[in-house]
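Just remember that the working numbering sits 477 ahead of the position in the sequence shown, which is counted from 1.
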Amino acid sequence: MSNTSHKYRNKKMWTWGIILIIVLLVVSFIISKSDTTVDPESFASIEVYKDSAHEKGNVESDIRLIEYSDFQCPACKAAEPAIAQLLDAYGDQFVLEYRNFPLRQIHPNAQVGAQAAEAAAMQGKFWEMHDLLFENQDEWSQSFNPERYFRQYAKEIGLNVDRFRYDFDSDEVKDRVNADYDEAIALAIPGTPGFVSEGSIVDVNDFIREHFQPVVPTS
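This is the structure:
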């Protein structure tokens, strides 16, 4: 191998190592700011795989990280860039799954935000709506009529708006959100964003270190 190729490989490994360190620091800060909602000691292990999952990454991977999140939660919004970096770096090695955990007691629009995402999912556009909800959190989260913003976002991502409005208020969509919420409570997710892997609540830092420890070049 030429010196040029060797230097390129080392530089690439150092780059991913630096990215991983940044992700660890950001996620650590975010977790410390999460909204605590339930007692972690009440944890109960339940089945955490679903057929209708919202997934990113390598869906065939045995390594699965489930995120329980709230679209109105500032800490969840702050976590998004770090999660995106993690997927960019290691998305070929694990799958990220999103589930709804709207903290209704403190985030009055969180429930309808989750319904908007699930209604978009009915037309195959969950992640597009997911991104817009977080990007525009300050816009809709404090509104007395957030649905008007959701209809605008639906139009932006090319949804059939009439169908979106129907699905948004449907029992099927509400049941999906409520099922995720009930599951998060049963798991005793301690706050948002909360993470589960292999049926247990995990610290994201530990998950990253366990599965994606970078190889640091020795020369």
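Even glycine gets a Cβ: it sits at the ideal position worked out from N, Cα and C.
E544: member of the beta strand (DSSP E) spanning 541-546, first to last residue.
Beta-bridge analysis with DSSP links L636 to no other residue. One thing to note: G590 has its Cβ within 8 Å of the Cβ of F548.
Here DSSP, grouped into helix, strand and coil, assigns K602 to coil. Counting along the chain, N613 sits inside no beta strand (DSSP E), nor does DSSP assign it H or E at all. In this structure the stretch 527-539 lies against the stretch 563-576, because at least three pairs of beta carbons, one per stretch, are closer than 8 Å.
When only Cα atoms are considered, I678 and P670 end up about 11 Å apart. Note on geometry: alpha-carbon atoms of A598 and W604 lie some 8 Å from one another.
Contact fails between the stretch 561-571 and the stretch 643-650, because fewer than three Cβ pairs, one in each stretch, are under 8 Å apart. Here the C-alpha atom of R642 lies approximately 7 Å from the C-alpha atom of R628.
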